[in-house]
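Here the structure is laid out as structure tokens; the discussion comes afterwards.
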Amino acid sequence: MCVLVKLQIHVLPESLIWNRWRINAKEGLDQNVQQGGGCDLSNRHNHITSLKRCARRLFSIAGRSLEDYHEIRELLNANADRLLSNNQSTLNVGESGRNSSDQHVKDPTRVKTKGCRTSVVVRGKKKKIRKCGSCRQDGHNIRSCPVEALKRNFTQTSEESESEGVPYSEDDGV
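The sequence shown: position 103 = 103 (UniProt numbering), numbered continuously.
As structure tokens, this is what we get:
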């Protein structure tokens with residue numbers, strides 16, 4: 001961009017603008033949508049997006065003249081009322097044909113997820129109990145090991161006695 005400013009080019013040439021950067025980059029999206037495959041929610045979203053794109057184009061054209069505006073507004077209101085009445089009639093028929101058990105929310109299927117393992121027995125295998133690296137006993141680790149604590153205290157007292165100049169002997173500690 002700095003090079004273009006330095007060359008005093010204030011408008012980007014069309015050859016430098018890729019189609020994916022343009023506002024109409026998704027223009028051909030609705031032609032690639034498959035009617036049968038995929039998720040219903042995804043298909044619904046694609047249909048709504050396609051309708052919005054067509055409506056935007058229609059509104060920009062119809063907004064240029066007052067006659068076109070009134071014609072499109074009346075057409076949209078009439079079609080909206082017709083679609084609303086059709087949807088209401090299909091909803092009423094659909095609700096009467098359903099069983100009461102279909103209206104309850106059911107639990108989704110459980111899937112494997114990443115994350116922390118639980119301590120519950122998983123597939124017949126029990127969770128491995130961690131052991132101390134020093135004394136090989138379970139229930140604590142090397143940081144909280146009582147044997148290691150005694151060793152640390154022993155080395156600490158021996159270092160203190162050496163710093164005082166008095167050698168530490170085993171007879172003194174007993």
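Glycine included, C-beta positions come from ideal geometry on N, C-alpha and C. Note that the structure is a prediction, hence the values are computed from the model and not measured.
Considering only residues of the same chain and omitting the five flanking positions on each side of Asn24, which have a CB-CB separation below 6 Å?
-> Hits under 6 Å: none found.
Would you give the residue range spanned by the alpha helix (DSSP H) that Val3 belongs to?
-> It spans Cys2 to Lys6 - the alpha helix (DSSP H) in which Val3 sits, taken as one unbroken run.
Arg73 versus Phe59, Gln137, Glu162 and Ser50, residue with shortest Cα-Cα distance | Of the candidates Phe59, Gln137, Glu162 and Ser50, Phe59 places its Cα closest to the Cα of Arg73.
Alpha-carbon spacing of Arg56 relative to Val11, whole angstroms = Whole-angstrom Cα-Cα distance: 27 Å.
Roughly how many whole angstroms lie between the Cα atoms of His140 and Lys131?
-> Distance between the alpha carbons of His140 and Lys131 is about 7 Å.
Beta-ladder partner(s) of Lys114, from DSSP = Answer is none; Lys114 lacks a bridge partner.
Report the rounded CA-to-CA distance for Ile17 versus Gln8, giving the unit in angstroms.
-> When rounded, the distance between both Cα atoms is 18 Å.
Going by DSSP, what residues sit across from Asp138 in a beta bridge?
-> Answer is Lys131, bridged to Asp138.
Taking the C-alpha atoms as reference points, what is the distance between Ser85 and Leu51?
-> In this structure, the alpha-carbon of Ser85 lies about 20 Å from that of Leu51.
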